[in-house]
Structure formats: C-alpha cells, structure tokens
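Accompanying notes for the structure given below.
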Amino acid sequence: MVPINIESWPEVDRDEKDKLWIDVQDTFKVAPESKKMVLASTGTKWRQFKTNLTNKHVLPYLGKRKKLRKPPKGYEFVGLLPWREFVKQRSTEQWLV
Numbered sequence: 001m002v003p004i005n006i007e008s009w010p011e012v013d014r015d016e017k018d019k020l021w022i023d024v025q026d027t028f029k030v031a032p033e034s035k036k037m038v039l040a041s042t043g044t045k046w047r048q049f050k051t052n053l054t055n056k057h058v059l060p061y062l063g064k065r066k067k068l069r070k071p072p073k074g075y076e077f078v079g080l081l082p083w084r085e086f087v088k089q090r091s092t093e094q095w096l097v
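Here full-length UniProt numbering is used: the first residue of the sequence shown is 1, the next is one more, and so on.
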C-alpha cells in the first residue's frame, strides 16, 4: 500500500499510515494503544522489503537497463512509475556510496 519510491518511512503521509492502521484493525484484534508499535513494525518491514528489492532486483542489473525498465516478475503490484523512480533513486552514485 505504501509506494516504494518514497525515500523514508517518516516521509510517508499520515493518511497512508492511518489507512494501514485501519486495515490492521479490520484484520486483527489489536488494542488502540498499540498503534504506534504496529506502525513502527510496518515501517521496518517496508524498509526491509525495499532492501530486498534493491539487493535482488536492482543492484545485480545496474548495467542492464532493459532488465530495470519494469518491476520484476511477481512484483508488478509496486507499479511502473514507482518502480522506475525507485530504480533511479537506487542507481545514483550518491546512494551507491
């Protein structure tokens, strides 16, 4: 639900985080006071997902632009534009350092 081209969890819009919280409440029985912990855990998992995408599907193909044009098979749900922005971010010399 959270686009991968957003650079960091604190930059994710509050409304997006509230939608995530509502989905969690609809799916699981959770106490309202656990919202902060649940969203922190969600942020950690989101960052790990982005790290895995980078390590498995971006870095190995940096010299192969054709491979990076669209999301890898099985990851089409991330969307074409967010994928391209994500690859662009993860391909900069500054980020690679």
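Glycine residues also receive a C-beta, built at the ideal position from the N, C-alpha and C atoms. Computed from a predicted structure; not experimentally measured.
Along the alpha helix (DSSP H) that carries residue i, what are the first and last residues, could you check?
| i | result |
| --- | --- |
| Ile6 | No alpha helix (DSSP H) contains Ile6, which DSSP labels as neither H nor E. |
| Val87 | Leu80 to Arg90 |
| Glu93 | Glu93 to Leu96 |
Would you report the Cα separation of residue i and residue j, rounded to the nearest angstrom?
| i | j | result |
| --- | --- | --- |
| Lys56 | Val24 | 28 angstroms |
| Thr51 | Glu16 | 21 angstroms |
| Glu76 | Arg84 | 12 angstroms |
| Leu62 | Trp9 | 25 angstroms |
| Val30 | Gly43 | 17 angstroms |
Determine the closest residue to residue i out of the options, with distance taken between C-alpha atoms.
| i | options | result |
| --- | --- | --- |
| Met1 | Tyr61, Ala31, Val30 and Leu39 | Leu39 |
| Lys66 | Val87, Gly79, Arg47 and Leu53 | Val87 |
| Pro60 | Glu7, Leu96 and Trp21 | Leu96 |
| Met37 | Leu20, Asp13 and Asp26 | Leu20 |
Would DSSP call residue i helix, strand or coil?
| i | result |
| --- | --- |
| Asp13 | coil |
| Pro71 | coil |
| Gly43 | helix |
| Met37 | helix |
| Phe49 | helix |
Could you give the C-beta distance for residue i and residue j, rounded to a whole number, given that I count them as a contact under 8 angstroms?
| i | j | result |
| --- | --- | --- |
| Gln94 | Asn5 | About 16 angstroms separates the two Cβ atoms, so there is no contact after all. |
| Val58 | Leu68 | 7 angstroms |
| Lys70 | Leu81 | 11 angstroms between Cβ atoms; not a contact. |
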